[in-house]
Amino acid sequence: MIEIPETLLGLLHHYSPSDSESAAVNWLVQRMTALQFEQSFMDEVGNAIGIKGSGFHQIILLGHIDTVKGEIPVRLEGDNLFGRGSVDAKGPLASFVDAVAAIPVAPDWQVVVIGAVDEEGDSKGAKAIIDQYQPQFAIIGEPSQWNRVTLGYKGSQQAALTCRQPITHSSQGGNANDVLLLEWQSLLQRVKVFNQDKTMFEQIIPTVLNMSSTTDGFDMVAKIKTGVRLPVSISPQTWLKDWLGALIGAKIKTPPTGIPAHQADKNSVLTRAFLGAIRQAGGKPGFVNKSGTSDLNLVAPVWQCPAVAFGPGDSNLDHTPDEHISIADYEKAIMVLVSVFKNLGISS
-13 MIEIPETLLG LLHHYSPSDS ESAAVNWLVQ RMTALQFEQS FMDEVGNAIG
37 IKGSGFHQII LLGHIDTVKG EIPVRLEGDN LFGRGSVDAK GPLASFVDAV
87 AAIPVAPDWQ VVVIGAVDEE GDSKGAKAII DQYQPQFAII GEPSQWNRVT
137 LGYKGSQQAA LTCRQPITHS SQGGNANDVL LLEWQSLLQR VKVFNQDKTM
187 FEQIIPTVLN MSSTTDGFDM VAKIKTGVRL PVSISPQTWL KDWLGALIGA
237 KIKTPPTGIP AHQADKNSVL TRAFLGAIRQ AGGKPGFVNK SGTSDLNLVA
287 PVWQCPAVAF GPGDSNLDHT PDEHISIADY EKAIMVLVSV FKNLGISS
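Per this note's numbering: the sequence shown ends with 334, consecutive numbering throughout.
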């Protein structure tokens, strides 16, 4: 009979969509205390924090405890454990906790595990801890499967495009909707040219989030809310200025800031530690770049340390009604993390 890891099972039994994480956080804090973390507490924004060791050197394992909405009954089918967040990203977070619990921390190191809130929203949890720590290494808890390391995430930027036009008879054409759609189509053509012969991670991926129009009987106002996934080569500011800014017939309104893309160095000390650990666990290591964003995009530019994302689970199951994780995958991920700690000198 398959034994279900207690940390993973407990987190899945505490359904925690964004803005409703407190019960899961309280449970995880108690769980880390039971696993003999030297400190375990909820911080001022609601993150679960667990700490082992008191050395000068620090590694942070940053996972997130919130999920998207849509509760999935927790059940085991064969080797697969179903439940909302099993992949994204309670599985990776639980593996962090269990791996750290399994090691003695070297005297000159401190290991910090963070179950951040609101990653599926505005990343309130990660933003609150950025200035509180200055680690030598960071591992972000996102599903990559146990034998792969995620190096990169694309950037993102939202913007609202609006167009106001006097109302004319339909036979004359050219109302505000028409003008705005033509502008958007011209932008897509420019993007198509840019994307030619590029990998997914190097491409611009724009999308329309919603469309609307209003009229007061004299003017029509058309609005398109847009989003875009950006490569490392194009910052959110460049997208706004040089791409959306080139649209003649549209005014642009944007949120305060976008999120730049990030790609880690595949030859860093941390990455090499993972490659060795995966081989030690019997796997053939691989690298992944993803089209979404994660808390890695936020913390890596500030901490300026080697940082990658890693965790058990198949990211194709993120946010789906069929979300589940392989127990074997989960246990292998813990083995890899324990070896990473040894390879970096964090544990004996």
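For every residue, glycine included, the Cβ atom is placed at its ideal position computed from N, Cα and C.
Item	Value
Would the beta-carbon of residue 261 fall within 8 Å of that of residue 292?	no
What does the Cβ neighbour count give for residue 143, buried or exposed, with the cut at 16 atoms within 10 Å?	buried
Grouping DSSP H, G and I as helix and E and B as strand, with all else coil, what is residue 157?	Any reading at residue 157 must be qualified, since the residue scores a pLDDT of 49, below 50, and its modelled position is unreliable; no value is offered.
Between which two residues does the alpha helix (DSSP H) containing residue -8 stretch?	-8 to -1
Per the contact definition of three or more C-beta pairs closer than 8 Å, is the segment 235 to 247 in contact with the segment 132 to 142?	yes
Could you name the residues that DSSP lists as bridge partners for residue 149?	208
I need the boundaries of the alpha helix (DSSP H) containing residue 271, first residue and last residue.	Where residue 271 is concerned, there is no enclosing alpha helix (DSSP H), given that its DSSP letter is neither H nor E.
Could you check where the beta strand (DSSP E) with residue 46 kicks off and where it finishes?	43 to 50
CB-CB under 7 Å to residue 55, same chain, minus the five flanking residues each way: which ones, in chain order?	3
Spatial neighbours of residue 324 within its chain, please: C-beta separation below 7 Å, excluding the five flanking residues on both sides.	85, 88 and 89
With DSSP run on the structure shown, which of helix, strand or coil describes residue 249?	strand
Going by C-alpha distance, which of 302, 26, 49 and 107 is nearest residue 39?	26
At 4 residues or longer, and completely inside the segment 74 to 129: list those alpha helix (DSSP H) runs for me, N to C.	76 to 87 and 110 to 115
Do you know offhand how far residue 11's Cα is from residue 250's?	29 Å
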